[in-house]
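Residue numbers for the sequence shown follow our numbering, so the first one is 746 and each next one is one higher. Built from N, CA and C at the ideal position, the CB exists for glycine as well. Quick caveat: nothing in here was measured; it's all calculated off a predicted structure.
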Amino acid sequence: MKLIERVLMKIILIQLVLLLMTQLFFHEWNSFPELQQITQYEGVSENSITEIIETFNRK
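The following block contains the structure:
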């Protein structure tokens, strides 16, 4: 059972490192400028309550 726990912990750590590296690659180095444009279009890059309210009121 301890062998399985060690293997699972190693897999979790590897996944965490890969996740952080991918986030760094996409966001800090601006690898895909289209990705930044898409997030701005969807409105998830900024937390502005007034923009959210305006979106709901425009019907």
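In the structure shown, residue 754 adopts helical secondary structure according to DSSP, grouped into three states. Annotated three-state conformation of residue 777 is coil, per DSSP. Within the same chain, no residue comes within 7 Å of residue 754 by CB-CB distance, once the 5 residues on both sides are set aside.
Residue 766 carries a helical assignment under DSSP once its states are collapsed to helix, strand and coil.
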